[in-house]
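Laid out in structure tokens, this is it:
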């Protein structure tokens, strides 16, 4: 597929989606939203991908919304809620509901919705030089793209509230220390580290990876009894997979398992 604002490829079970507007720090436009949606939807039916890597081109990951598409001086009142309904909410739902692990490699600054899009992914790693900026309040808005839902659950309400109200940048090392992301990686080792991670997940037991992410997401609103039942049901399903049989056989035979994602 040929795109104008993203790069998208699938090779060796790894799908790679690169936001590709480096001159605008990969800020989202309507065209980019449409193209990202097409790419993500292509992973839902008859695909060979077992992991998705989301990253950005150039010196930044994503600056959120491209404000050049906004005209607040227009006589007609802006309906930002309609834009969220049309684009950002569906994007977050697509990312969180993909039936495969999603890795976000934050290669540079992530600002506004760019932060929250990254945090909607399953595993987030960042260059140590990267920064996370909840910049919404700087233009009179509140964080969207699930930012007010995800961030307090990751770092607590006190830190989340301060970051959102001040718009202060948070460096990658501090984000990792706070549990907001998984790892902050030295810049010179970043690309090799990311490649090793996605290659590892591409040969992992995919259905187990999906069950893990779904169980963790459900746990935030589930009672203990509900979560125990969910674990039981998911474990029952996984116990009937080819990968479970292969995993047990490999363990008994003291060899590396050959998982096929089924």
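Numbering (full-length UniProt numbering), first residue to last: 1 to 262.
Idealized CB from N, CA, C, for every residue including glycine.
No experiment lies behind these values; they were computed from the predicted model shown.
Extent of the continuous beta strand (DSSP E) run through residue i
| i | result |
| --- | --- |
| residue 8 | 6 to 11 |
| residue 54 | 51 to 56 |
| residue 92 | No beta strand (DSSP E) holds residue 92; the alpha helix (DSSP H) holding it covers 89 to 97. |
| residue 174 | Here residue 174 belongs to no beta strand (DSSP E); instead the alpha helix (DSSP H) covers 172 to 177. |
| residue 60 | 60 to 62 |
Helix, strand or coil at residue i according to DSSP, with G and I counted as helix
| i | result |
| --- | --- |
| residue 110 | strand |
| residue 70 | coil |
| residue 251 | helix |
| residue 14 | strand |
| residue 81 | helix |
| residue 105 | strand |
| residue 132 | strand |
| residue 25 | coil |
| residue 19 | strand |
Check whether residue i and residue j have beta carbons under 7 Å apart
| i | j | result |
| --- | --- | --- |
| residue 265 | residue 51 | What the structure shows of the chain is the stretch from 1 to 262, and residue 265 is not part of that stretch, so it cannot be assessed. |
| residue 310 | residue 134 | Outside the shown range of the chain, which is 1 to 262, sits residue 310, and nothing can be said about it. |
| residue 62 | residue 19 | yes |
| residue 194 | residue 105 | yes |
| residue 95 | residue 103 | no |
| residue 53 | residue 198 | yes |
| residue 163 | residue 179 | no |
| residue 22 | residue 57 | yes |
| residue 234 | residue 215 | yes |
| residue 230 | residue 211 | no |
| residue 167 | residue 208 | no |
| residue 118 | residue 124 | yes |
| residue 30 | residue 60 | no |
| residue 87 | residue 35 | no |
| residue 32 | residue 55 | no |
| residue 160 | residue 151 | yes |
Residue i, enclosing alpha helix (DSSP H) - first and last residue
| i | result |
| --- | --- |
| residue 235 | 224 to 238 |
| residue 125 | Taken as a continuous stretch (DSSP letters only), residue 125 belongs to no alpha helix (DSSP H), being part of the beta strand (DSSP E) at 123 to 127. |
| residue 155 | 147 to 155 |
| residue 41 | 30 to 41 |
Rounded distance between the beta-carbons of residue j and residue i, thought under 8 Å
| i | j | result |
| --- | --- | --- |
| residue 189 | residue 173 | Going by Cβ atoms, the distance from residue 189 to residue 173 rounds to 14 Å, so no, they are not a contact pair. |
| residue 145 | residue 92 | 6 Å |
| residue 28 | residue 113 | 7 Å |
| residue 213 | residue 122 | 5 Å |
| residue 43 | residue 49 | 5 Å |
| residue 116 | residue 143 | 6 Å |
| residue 127 | residue 177 | Residue 127 to residue 177, Cβ: 16 Å. No contact. |
Proximity test, residue i beta-carbon vs the ligand HEM heavy atom, cut-off 6 Å
| i | result |
| --- | --- |
| residue 117 | Ligands are entirely absent from the displayed structure, and the ligand HEM is therefore not among its contents. |
Next on the checklist: My parser needs the alpha helix (DSSP H) runs of 4 or more residues fully inside the region 183 to 214; what are they?
Outcome noted: 190 to 202
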